[in-house]
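S.K.:
Residue numbers (our numbering): 5 to 413.
1. Just verifying my parser: in three-state terms, what is the DSSP assignment at residue 147?
2. Please report how far the alpha carbon of residue 84 lies from the alpha carbon of residue 101, in whole angstroms.
3. Alpha carbon to alpha carbon, what distance is there between residue 75 and residue 217?
4. Quick one: complete beta strand (DSSP E) runs, 3+ long, within the region 188-223?
5. With which residues is residue 115 paired in a DSSP beta bridge?
6. For a test of the three-state rule: what should DSSP assign to residue 259, helix, strand or coil?
7. Tell me which same chain residues have a C-beta within less than 6 Å of the C-beta of residue 179, skipping the five on either side of it?
8. Thinking C-alpha only, which one of 320, 380 and 52 is nearest residue 6?
9. What are the residues that DSSP puts in a beta bridge with residue 230?
10. Alpha carbon to alpha carbon, how far is residue 344 from residue 307? Give it in angstroms, no decimals.
11. Residue 122 bridges to which residues according to DSSP?
12. Enumerate, from N- to C-terminal direction, the unbroken beta strand (DSSP E) stretches of 3 or more residues contained entirely within the region 246-321.
13. Is the beta carbon of residue 233 less than 8 Å from the beta carbon of residue 68?
14. Would you check if the distance between the CB atom of residue 48 and the CB atom of residue 362 is smaller than 8 Å?
15. As a quick exercise: from 98, 91 and 392, pick the residue whose alpha carbon is nearest that of residue 296.
16. Identify whether residue 237 lies in helix, strand or coil by the three-state DSSP scheme.
17. Look at residue 104 and residue 201 and say whether their C-beta atoms are less than 8 Å apart.
18. Suppose you measure from the CA of residue 387 to the CA of residue 208; what does that come to, to the nearest Å?
19. Quick one: which unbroken alpha helix (DSSP H) runs of 4-plus residues sit fully inside the region 359-385? Chain order, please.
20. For residue 327 versus residue 42, is the C-beta spacing smaller than 8 Å?
21. What does residue 172 pair with, by DSSP beta-bridge criteria?
22. Let me confirm a value: residue 50 is counted as buried when at least 16 other C-beta atoms fall within 10 Å, else exposed. Which label applies?
23. Only counting the same chain, and skipping five residues up and downstream in sequence, which positions put a Cβ closer than 7 Å to that of residue 251?
24. I'd like to check one pair, residue 402 with residue 341: are the Cβ atoms closer than 8 Å?
25. With three or more beta-carbon pairs closer than 8 Å as the criterion, would you say the region 154-171 touches the region 253-266?
26. Within this structure, are the beta carbons of residue 224 and residue 176 separated by less than 8 Å?
27. Kindly indicate which residue of 228, 377, 138 and 210 has the alpha-carbon position closest to the one of residue 199.
28. Assign residue 418 to one of three DSSP states: helix, strand, or coil.
29. Under the DSSP definition of a beta bridge, which residues are partnered with residue 388?
30. Taking only the alpha-carbon atoms, compute the straight-line gap between residue 2 and residue 34 and give it to the nearest angstrom.
31. Buried or exposed: which applies to residue 305, given that a residue is buried once 16 or more other Cβ atoms fall within 10 Å of its Cβ?
32. Compute the Euclidean distance between the alpha carbons of residue 79 and residue 374, then round it to the nearest angstrom.
33. Can you name, in chain order, every residue of its own chain whose Cβ lies under 8 Å from the Cβ of residue 241, other than the five neighbours on each side?
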């Protein structure tokens with residue numbers, strides 16, 4: 005064991021046996037760092053939990069990758085070669101064409117503008133989880149008896165006061181424009197509600213409906229379309245998007261699931277960073293207490309320092325003693341904080357100590373996800389701060405003149 009570490013342990017044992025002002029400050033600083041580290045781990049784990057929950061809900065409906073392409077200018081035919089190319093990639097689990105556009109839905113006196121996803125009914129369950137989310141009626145977007153069928157989000161159904169079996173009138177923006185600029189009376193398309201889905205994602209439940217591609221072609225005048233892609237491994241989405249981008253036509257664009265919700269994830273990341281910064285102040289205050297207690301320890305031990313130097317101890321050895329003492333305090337405090345933080349997070353995961361009202365929230369308890377990278381980062385930051393707090397007291401001890409202390413003795 006290094007000599008500096010032995011002296012540091014001896015000073016810590018001595019201060020623990022004799023309760024004085026310096027030992028009280030050291031205890032408070034140790035407790036403050038432990039609480040701060042535990043709070044950082046808990047807060048970051050909670051943010052991770054909400055992010056994972058949101059991601060799981062969005063990934064259930066969003067594709068891993070969305071490619072926006074333009075149909076043939078004259079025929080409006082979809083380029084099937086691009087779809088074939090994507091399906092030939094070993095990373096791709098499924099790929100399907102989707103037409104999307106705004107429409108007006110009318111039921112009695114209720115009318116609203118919503119987003120219609122026109123999909124292939126045989127492929128939709130491969131790229132979206134909407135089928136599994138239907139909780140009223142069934143997912144049926146076929147055309148029967150000259151009537152199209154649509155599936156509504158819960159918010160859409162609520163705004164229209166619609167239930168499975170009800171009849172709706174669908175109008176395209178082009179028909180509304182023609183009616184507003186002339187004497188044209190829009191007839192619209194009659195559709196029957198076959199089911200209602202609930203995704204627990206407000207954007208989808210409040211604004212989205214699903215119908216067949218045949219219905220979309222009748223309503224939309226836009227030449228653009230989407231190709232939604234799901235991969236076998238979500239973690240490779242960025243790498244795949246980068247590789248396939250060079251194979252796309254010049255007028256096509258590619259977006260990952262993260263790009264589709266960039267603003268939302270940006271806000272969450274900012275909130276996480278702000279919370280980390282605010283709680284880090286707790287650790288910083290405790291670190292200043294370490295600096296103060298070590299500085300007072302140097303003053304208290306000035307006679308010991310003088311004797312050590314008189315018998316041949318170098319300035320480096322004396323400085324290392326107080327460096328070691330500060331680092332030991334930091335390691336004990338950070339270790340205790342990690343144990344406390346992980347214990348609280350584990351308890352929340354297993355037992356749901358902090359619950360939520362299921363009538364207001366979609367989950368029964370605050371979600372928690374522990375990432376080892378976050379724990380390591382918190383430990384490194386806290387230990388670096390503790391190390392920084394030891395530099396001034398160590399230098400002061402190393403540079404202390406021994407003549408005055410020896411004369412006092």
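In this text, a Cβ means the ideal position worked out from N, Cα and C, and glycines have one as well.
M.R.: Walking through what the data contain:
1. strand
2. 9 Å
3. 14 Å
4. 193-201 and 212-216
5. In DSSP, residue 115 forms a bridge with 110.
6. strand
7. 190
8. 320
9. 72 and 102
10. 39 Å
11. Among the bridge pairs identified by DSSP, residue 122 is matched with 103 and 215.
12. 257-260
13. yes
14. no
15. 392
16. Coil at residue 237, not helix or strand.
17. no
18. 45 Å
19. none
20. no
21. 195
22. buried
23. 89
24. No.
25. no
26. yes
27. 138
28. For residue 418 there is no data in the structure shown, the boundaries of the chain being 5 and 413.
29. In DSSP, residue 388 forms no bridge with anything.
30. This structure gives no information on residue 2, because the portion of the chain shown stretches from 5 to 413.
31. buried
32. In this prediction, residue 79 has a pLDDT of 47, which is less than 50 and means its spatial position is unreliable; nothing more can be read from the coordinates.
33. Result list for residue 241: 68, 69, 235, 260, 261 and 262, in chain order.
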